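Written out below as structure tokens is the structure these notes cover.
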Amino acid sequence: MFRISRLDIQTLFGPVQLEKPISEWCMKIFRLLLAVAAVFVGSGFARFHNETKSAEDPKPIKAVMKEAMKSGLAKKVAGGEATDEEKMQVLNLLIDLVENEAPKGDETEWKMMAGTAMMNAAKVVVGREGAEEALGAAIDCKSCHDKFK
Ligand code: HEC
Numbered sequence: 000m001f002r003i004s005r006l007d008i009q010t011l012f013g014p015v016q017l018e019k020p021i022s023e024w025c026m027k028i029f030r031l032l033l034a035v036a037a038v039f040v041g042s043g044f045a046r047f048h049n050e051t052k053s054a055e056d057p058k059p060i061k062a063v064m065k066e067a068m069k070s071g072l073a074k075k076v077a078g079g080e081a082t083d084e085e086k087m088q089v090l091n092l093l094i095d096l097v098e099n100e101a102p103k104g105d106e107t108e109w110k111m112m113a114g115t116a117m118m119n120a121a122k123v124v125v126g127r128e129g130a131e132e133a134l135g136a137a138i139d140c141k142s143c144h145d146k147f148k
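Written out as structure tokens, the structure is:
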């Protein structure tokens, strides 16, 4: 067993006062842990933020198709085999989809159709029962392409 005693600390770092240095070390380690945690959280947010476009500037439909549809990612989510991160990714992409205008077809109908897919992806994320099946039905490639592509 390896134990650090005050004596070890004294031999390693020179003579120290008994009570104060230990707590100072604890604080140093604690601050270091906080800093490391902050870097992790910060990079996580930054990564997420980079992926998320603003409402005024959504990711184009073609990009959404590539990343969510052609890749099979949305189908994977609908099949119930996706990780939580992948579920979020699909929801994120479908938000962009809704925020776009379709190249053709009725704009209100487009919002309804893309919106239904987005809502079902959200239901998957929050874990509602039957949401995967509903998402699967809402991402019917052909019925959407026939109307809006
Ligand atoms: C809610 C509607 C909708 C659904 C569902 C949908 N798409 Fe699309 N997709 C579109 C629209 C609209 C376009 C045309 C985009 C454009 O031309 O800007 C498109 C274009 C595409 C393209 C061409 C992209 C390019 O670079 O030109 C591919 C590939 C594609 N979809 C694949 C799929 C697949 C695979 C599925 C089913 C798993 C699917 N889409 C489901 C609306 C949809």
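Take the sequence shown: its letters are residues 0 to 148, numbered as in numbering that gives the first Met the number 0.
C-beta: ideal position from N, C-alpha, C; glycine also.
Here the structure is a predicted model, which is why all the values come from computation and not from measurement.
Residue i and residue j closer than 9 Å at C-beta
i	j	result
VAL97	GLY114	yes
ALA67	LEU134	no
ASP105	ALA62	no
VAL89	ALA136	no
PHE29	ALA101	no
LEU93	MET117	yes
VAL123	LYS75	no
Extent of the continuous alpha helix (DSSP H) run through residue i
i	result
ASP145	140-147
ASN99	Run containing ASN99: none; DSSP gives neither H nor E here.
LYS75	72-77
LYS61	60-63
GLU108	106-124
ALA133	130-137
Integer Cβ distance of residue i from residue j, believed to fall under 8 Å
i	j	result
PRO59	ASN99	7 Å
MET112	CYS140	Rounded, the Cβ-Cβ distance is 12 Å, inconsistent with contact.
GLU131	ALA77	5 Å
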